[in-house]
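K.L.:
Let me begin by handing over the structure; questions about it come next.
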Amino acid sequence: MVEAATSLMSTAFSMNHMDLATKAVEQATRVLGPVESASIGALSGVIEVLLQQPSVTIKNAIQDKQPISWDPRVLYRGVLVNATSMAPISAIQFGVNSLLTKTLKGPPNPAQRAGFAFSAGVVSAMVSGPAELLMIQQQKTGSSLFAQLKRIVNDHGVLALTRGLVPTIVRESIYTATYLGVNPVLQEKMMEGSYLQHRATLAMFLAAAVSGTAAALITQPFDTIKTRMQANMDSVNYRKMKSTLKTVIFEGGFKSLYSGVIPRTQRVICAVFILGEAKSLLTEFYFKYISKS
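In full-length UniProt numbering, the protein residues as written are 1 to 293.
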């Protein structure tokens, strides 16, 4: 009896590992191209924005020392420009990351995954910087998208749309490296344990909580500086990154660099999870229904 039970357990254990190996091979052969990755990234980004726009509005209000309104119309003000910009931003992040990964002969190692994602974040910041400037100014004035764009260009010139670009690049590069590079590796490591082995969604959420918190804390000062620069376009104290840093610290001390850290950390954690889960589900949908047609 004992020998039979032992033999049965051994067979089940071997079959389980064969199943995992088979899944690994399937995943390795089912690799999205840059165009497919960009498309899935665009849709994932829009989903994330629609779910999290209120937390963005609250975070911006706290950082700019403005009162928080719980009116849904105010919380979702600027959602059009945010969603419209997030589609190409996420598309760039997913697409560039995929394009760089395709340059390798084999699968990337963890350092390469993080490096490629970091580079994708730098490229995407060229879109997200001006888009966030428009959204922040919209939230302050209540103007329409095109009216706000016209006002900024008329009052400050076309180059004003690049205001806050440097801190945006720092923030986006680290954030993208987190959700496209670090988080998948962390999830895979967690799933090596017996408890999370068949709980991919839970593992993804736990990985997002860890990596998202780290990314939020590291990039928060840059996000605060970026928000102040973009929200106070008429003030000479906020024209440059260095002068903005000095002003923020002078007015509220070093702790003011972490204004809005709680809603932003919540948002980053949820964003990492939502984007990861959306990517997983949309990729599965693509291979199941679209690539076969």
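Beta carbons: idealized from backbone N, C-alpha and C, even for Gly.
#1: Buried or exposed: where does residue 177 fall if 16 or more other Cβ atoms within 10 Å of its Cβ makes it buried?
#2: What is the rounded straight-line gap between the Cα of residue 102 and the Cα of residue 108?
#3: Say whether the segment 121-135 touches the segment 201-214, bearing in mind that this needs 3 or more beta-carbon pairs closer than 8 Å, one atom from each stretch.
#4: Can you name, in chain order, every residue of its own chain whose Cβ lies under 6 Å from the Cβ of residue 236, other than the five neighbours on each side?
#5: Return helix, strand or coil for residue 252, following the three-state DSSP convention.
#6: Which residue marks the beginning of the alpha helix (DSSP H) containing residue 183, and which one marks its end?
#7: Considering residue 156, what are the terminal residues of the alpha helix (DSSP H) in which it resides?
#8: Do residue 163 and residue 241 count as a contact pair if the criterion is CB distance below 8 Å?
#9: Since I believe residue 139 is in contact with residue 239 (beta carbons under 8 Å), could you give me their beta-carbon distance rounded to a whole number of angstroms?
#10: Starting from residue 94, trace the alpha helix (DSSP H) both ways and give me its first and last residue.
#11: Can you look up residue 31 in the DSSP assignment and give me helix, strand or coil?
#12: In terms of residues, what are the limits of the alpha helix (DSSP H) holding residue 228?
P.N.:
According to the structure shown:
#1: Within the sequence shown, residue 177 is the residue found at index 177, counting from 1. So residue 177 ends up on the buried side.
#2: By 1-based counting over the sequence shown, the position of residue 102 is 102. By 1-based counting over the sequence shown, the position of residue 108 is 108. Computed Cα separation, rounded: 9 Å.
#3: no
#4: As a position in the sequence shown, residue 236 is number 236, starting the count at 1. Nothing meets the Cβ criterion.
#5: As a working note, residue 252 is residue 252 in the sequence shown. Of the three classes helix, strand and coil, the one that applies to residue 252 here is helix, per DSSP.
#6: Looking up residue 183 in the sequence shown gives position 183. Taken as a continuous stretch (DSSP letters only), the alpha helix (DSSP H) holding residue 183 covers 183-190.
#7: As a working mapping, residue 156 is identified with position 156 in the sequence shown. Unbroken alpha helix (DSSP H) run through residue 156: 145-156.
#8: Position 241 of the sequence shown, counting from 1, holds the residue named residue 241. Position 163 of the sequence shown, counting from 1, holds the residue named residue 163. No, the Cβ-Cβ distance between residue 241 and residue 163 is not below 8 Å.
#9: For the purposes of this step, residue 239 is taken as the residue at position 239 of the sequence shown. For the purposes of this step, residue 139 is taken as the residue at position 139 of the sequence shown. That belief does not hold up - the Cβ atoms of residue 239 and residue 139 are roughly 20 Å apart, past 8 Å.
#10: Walking along the sequence shown from the start, residue 94 turns up at place 94. It spans 79-101 - the alpha helix (DSSP H) in which residue 94 sits, taken as one unbroken run.
#11: Reading the sequence shown from its first residue, position 31 is the one you call residue 31. It is coil, neither helix nor strand.
#12: Here residue 228 is taken as the residue at index 228 of the sequence shown, counted from 1. First-last of the alpha helix (DSSP H) with residue 228: 200-231.
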